[in-house]
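What follows is a single structure, written as structure tokens, with notes after it.
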Amino acid sequence: MSNTRVSRRQFLNYTLMGVGGFMASGMLMPMIRFAVDPVLEAGAAGDYIPTSQKVSELTEEPVRVDFTYDQVDGWYESEVTGTAWVYKEGDKVVALSPVCKHLGCTVNWGGDSAHPNQFFCPCHAGRYEKNGQNVPGTPPIGPLDEFDVKIEDDLLYLGATKPNTLI
Amino acid sequence: MLNKIYDWVDERLDITPIWRDIADHEVPEHVNPAHHFSAFIYCFGGLTFFITVIQILSGMFLTMYYTPDIENAWRSVYYLQNEVAFGEIVRGMHHWGASLVIVMMFLHTLRVFFTGSYKKPRELNWMVGVMIFVVMLGLGFTGYLLPWDMKALFATKVGIEIAASVPFIGEWIKILLAGDSTILGAQTLTRFFAIHVFFLPAALLGLLAAHFIMIRRQGISGPL
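Chains as they are written, first to last, in the UniProt record's numbering: chain L, 1 to 167; chain H, 1 to 224.
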């Protein structure tokens with residue numbers, strides 16, 4: 001037992017604040033958990049999405065491949081279109097994400113007439129080499145992401161994006 | 001630590017008198033349930049306010065998922081109730097609280113009536129209380145449509161027909177509420193949503209402030 005006496009006022013303060021805090025947290029906890037739910041939701045594993053691109057028709061020149069897939073956004077389901085830039089590196093098929101690593105705009109192959117053999121981002125003139133390597137001195141801070149790639153019956157399938165493995 | 005922060009602010013802004021004005025006030029023996037248990041009837045006003053706070057909080061959180069659009073309203077409610085963690089609880093708080101706040105407000109009204117607390121000099125506070133009652137019923141009526149299920153739709157149809165039966169201006173009230181002279185649809189839902197989350201809560205907060213300032217100025221009415 002400690003010798004410091006707890007006064008009546010202190011005792012009431014502590015008990016009332018304790019009970020009040022318990023009640024308030026019982027009220028607020030469900031609401032806060034409700035609000036932060038998107039943060040705690042487990043990310044869905046990406047399936048491979050079929051495209052209509054024949055692998056035999058690919059060359060060393062990147063081509064734009066659009067693909068559509070069903071997206072479930074909360075209560076809203078829709079078909080959305082994604083894009084990849086695809087080319088052959090020897091026997092290997094490379095599919096790069098068009099999302100600029102500066103601030104998320106969309107890059108184009110040869111979008112800048114002064115640099116026909118680079119990816120170009122029109123927002124802030126970011127540039128990338130063919131393998132996705134960002135050109136030093138332009139805004140992007142990293143190389144373009146790369147898609148997981150699968151080939152079935154000569155057709156290209158695209159999976160999840162991952163950090164560039166070519167560099 | 002907290003004391004030091006308090007002192008720091010108090011030294012600059014002299015907040016103690018403000019705090020005292022809010023927290024320190026007479027609680028006469030005849031309204032204190034610790035003295036006479038039957039005095040619990042004096043708690044209904046405070047309970048109404050407590051549930052109102054829960055309604056405002058849970059409503060704010062519900063709008064993070066709710067969509068006031070005829071295509072998505074029901075689906076977003078279904079989603080937030082069945083897919084989001086604690087969605088059933090948060091929607092449940094708002095759903096049951098909505099009924100409970102009216103029950104509590106009604107009991108508070110009865111208490112004020114039977115203790116004669118509305119009499120001079122408190123007539124103005126009674127009038128403001130009646131306006132709060134009307135606003136609360138409006139919140140209940142507009143909120144009922146928002147889940148956009150069958151019950152909501154047809155209850156609102158009936159409610160709007162009742163409003164339309166007002167002599168002379170009924171038709172105008174109906175169109176003003178529904179946003180269209182014949183359809184109860186997309187425009188009705190957005191209107192009811194706007195009224196439910198912006199207009200009526202703003203009116204309610206103003207009226208509650210007036211209600212509380214008056215009761216603090218006049219004090220609690222004397223014993224029977």
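Using N, Cα and C, we set each Cβ at its ideal position, and we do this for glycine too.
Check your understanding: In terms of residue numbering, what span does the alpha helix (DSSP H) encompassing Gly159(L) cover?
Key -> Walking along the first sequence from the start, residue 159(L) turns up at place 159. Unbroken run through Gly159(L) is the beta strand (DSSP E), Leu155 to Lys162; no alpha helix (DSSP H).
inquiry  = If the cut-off is 9 Å on Cβ atoms, which residues from the region 5-18 of chain L count as contacting chain H, listed in chain order?
reply    = none
Can you pull the chain L residues whose beta carbon is under 7 Å from the beta carbon of Phe192(H), in chain order? The sequence position of residue 192(H) within the second sequence is 192, counting from 1. By Cβ distance, chain L contributes nothing, its closest Cβ being about 19 Å from Phe192(H), past 7 Å.
Next on the checklist: Under 8 Å, with one C-beta from each stretch per pair, do the region 69-84 of chain H and the region 10-17 of chain L reach the 3-pair mark?
Outcome noted: no
At a Cβ cut of 9 Å, what residues of the region 54-67 of chain H count as close to chain L, listed as they run along the chain?
Ile54, Leu57, Ser58, Met60, Phe61, Leu62, Met64, Tyr65 and Thr67
Quiz item: Under the criterion of a Cβ to heavy atom distance below 7 Å, does Tyr78(H) qualify as lining the ligand GTP?
Solution: No copy of the ligand GTP appears in this structure; indeed no ligand is present at all.
Decide yes or no for the touch test of the region 129-137 of chain L against the region 17-28 of chain L: beta carbon pairs closer than 8 Å, at least 3 of them.
-> no
- Inter-stretch contact at 8 Å, needing at least 3 Cβ pairs: the region 87-99 of chain L / the region 47-62 of chain L: yes
Note down, in chain order, every chain H residue with its Cβ under 8 Å from the Cβ of Tyr76(L).
Within the first sequence, numbered from 1, the residue matching residue 76(L) stands at position 76. Those within 8 Å of Tyr76(L) in chain H are Asn72 and Arg75.
field: Boundaries of the beta strand (DSSP E) in which Gln81(H) is found, first to last residue
entry: Taking the second sequence and counting its residues from 1, one reaches residue 81(H) at position 81. Note, Gln81(H): premise wrong, no beta strand (DSSP E); alpha helix (DSSP H) at Ala73 to Asn82.
### Message
So, with DSSP's three-state summary, where would you put Gly21(L)?
### Response
Walking along the first sequence from the start, residue 21(L) turns up at place 21. Correct three-state label for Gly21(L): helix.
Residues near Ala39(H) by beta carbon distance below 7 Å, same chain, minus five either side:
Indexing the second sequence from 1 puts residue 39(H) at position 39. Result list for Ala39(H): His30, Val31, Asn32 and Pro33, in chain order.
Grab the span of the alpha helix (DSSP H) containing Pro147(H) for me, first residue to last.
Numbered from its first residue, the second sequence carries residue 147(H) at position 147. Per DSSP, Pro147(H) belongs to no alpha helix (DSSP H) and is neither H nor E.
- Interface positions of the UniProt domain "Rieske" (84-158) of chain L facing chain H (Cβ-Cβ less than 7 Å), listed along the chain: none
In the DSSP output, what is Trp85(L) paired with across the bridge?
The sequence position of residue 85(L) within the first sequence is 85, counting from 1. For Trp85(L), which the question treats as bridged, DSSP gives the partners Arg64(L) and Leu96(L).
Exercise for review: Verify the CB distance criterion: does Phe113(H) have a CB-CB separation below 8 Å to chain L?
Suggested key: Start at 1 with the first residue of the second sequence, and residue 113(H) comes out as number 113. Not one chain L Cβ lies under 8 Å of Phe113(H).
* To do: Taking 8 Å as the cut-off, decide whether the C-beta atoms of Phe44(H) and Leu2(H) are in contact.
  => Counted from its first residue, the second sequence places residue 44(H) at position 44. Counted from its first residue, the second sequence places residue 2(H) at position 2. No, Cβ-Cβ distance for Phe44(H) and Leu2(H) is not below 8 Å.
* Asked: What residues in the region 30-51 of chain L have a beta carbon less than 7 Å from any beta carbon of chain H?
  -> Pro30, Met31, Arg33, Phe34, Ala35 and Asp37
| task | Give the single residue among Ala210(H), Gly222(H), Lys4(H) and Ala85(H) whose Cα lies nearest to the Cα of Val130(H). | result | Position 130 of the second sequence, counted from the start, is the residue given in the question as residue 130(H). Nearest of Ala210(H), Gly222(H), Lys4(H) and Ala85(H) to Val130(H), Cα basis: Ala210(H).
Starting from the Cα of Gly159(H), find the closest Cα among Phe192(H), His35(H), Phe113(H) and Arg111(H) and give me that residue.
What you label residue 159(H) is simply residue 159 of the second sequence in a count that begins at 1. Nearest of Phe192(H), His35(H), Phe113(H) and Arg111(H) to Gly159(H), Cα basis: Phe192(H).
Legend entry - Reduced DSSP category for Ser78(L) - H, G, I as helix; E, B as strand; rest coil: Taking the first residue of the first sequence as position 1, residue 78(L) is located at position 78. Of the three classes helix, strand and coil, the one that applies to Ser78(L) here is strand, per DSSP.
- Query: Hey, Arg33(L) and Phe86(H): beta-carbon distance below 8 Å or not?
  - Reply: Working through the first sequence from its first residue, we reach residue 33(L) at position 33. Working through the second sequence from its first residue, we reach residue 86(H) at position 86. Against a cut-off of 8 Å, the Cβ pair of Phe86(H) and Arg33(L) comes out as a contact.
Which whole-angstrom value describes the C-beta separation of Pro28(H) and Ile183(H), a residue pair presumed to lie in contact below a C-beta threshold of 8 Å? The residue labelled residue 28(H) in the question sits at position 28 within the second sequence. The residue labelled residue 183(H) in the question sits at position 183 within the second sequence. Their Cβ separation, rounded to whole angstroms, is 55 Å, which puts Pro28(H) and Ile183(H) out of contact at 8 Å.
Open item on the list: Please list, in chain order, the chain L residues whose beta carbon lies closer than 7 Å to that of Ala85(H).
Closed with: Here residue 85(H) refers to the residue found at position 85 when the second sequence is read from its first residue. Simply Arg33, Phe34 and Asp37.
Legend entry - Spatially closest choice to Gln71(L) from Asp153(L), Gly82(L) and Val63(L), by CA coordinates: Locating residue 71(L) in the first sequence gives position 71, where the first residue counts as 1. Of Asp153(L), Gly82(L) and Val63(L), the residue nearest in Cα terms is Gly82(L).
| message | List, from N- to C-terminal side, the beta strand (DSSP E) runs of 3 residues or more that fit wholly inside the region 98-142 of chain L. | response | 119-121 and 126-128
- Is Phe168(H) helix, strand or coil by DSSP? In the second sequence, the residue the question calls residue 168(H) occupies position 168. Looking at Phe168(H) - three-state DSSP - the assignment turns out to be coil, as it is neither helix nor strand.
Apply the 10 Å Cβ neighbour rule to Pro62(L) and answer buried if 16 or more other Cβ atoms are within range, or exposed otherwise. The count along the first sequence starts at 1 and reaches residue 62(L) at position 62. When all chains shown are included, Pro62(L) counts as buried.
Buried or exposed: where does Arg5(L) fall if 16 or more other Cβ atoms within 10 Å of its Cβ makes it buried? Position 5 of the first sequence, counted from the first residue, corresponds to residue 5(L). The residue in question, Arg5(L), is exposed, as its Cβ has fewer than 16 Cβ neighbours within 10 Å.
Report task. Taking Val90(H) as the query, report the chain L residues whose CB atoms sit under 8 Å from its CB, ordered along the chain. Result -> Counting from one through the second sequence, the residue named residue 90(H) turns up at place 90. Neighbours of Val90(H) on chain L, chain order: Pro30, Met31 and Phe34.
Just checking, does the region 138-147 of chain H make contact with the region 194-201 of chain H on the three C-beta pairs under 8 Å criterion?
yes
Kindly say whether Tyr144(H), judged by its beta-carbon, lies nearer than 8 Å to any beta-carbon of chain L. Start at 1 with the first residue of the second sequence, and residue 144(H) comes out as number 144. With 8 Å as the cut-off, Tyr144(H) does not count as an interface residue toward chain L.
Neighbourhood of Leu153(H) by C-beta, 8 Å cutoff - its chain only, sequence neighbours within 5 removed: Counting from one through the second sequence, the residue named residue 153(H) turns up at place 153. The residues are Leu145 and Leu184.
So with Cβ pairs under 8 Å, would you call Tyr78(H) a contact of chain L?
Locating residue 78(H) in the second sequence gives position 78, counting from the first residue. For Tyr78(H), the answer is yes, since a Cβ of chain L falls inside 8 Å of its Cβ.
Is the Cβ-Cβ distance between Pro143(L) and Tyr128(L) less than 8 Å? In the first sequence, residue 143(L) corresponds to position 143, counting from 1. In the first sequence, residue 128(L) corresponds to position 128, counting from 1. In contact: Pro143(L) and Tyr128(L) (Cβ atoms closer than 8 Å).
Quick check on Glu26(H): buried or exposed, where buried means 16 or more other Cβ atoms within 10 Å of its Cβ? Here residue 26(H) is taken as the residue at index 26 of the second sequence, counted from 1. So Glu26(H) ends up on the exposed side.
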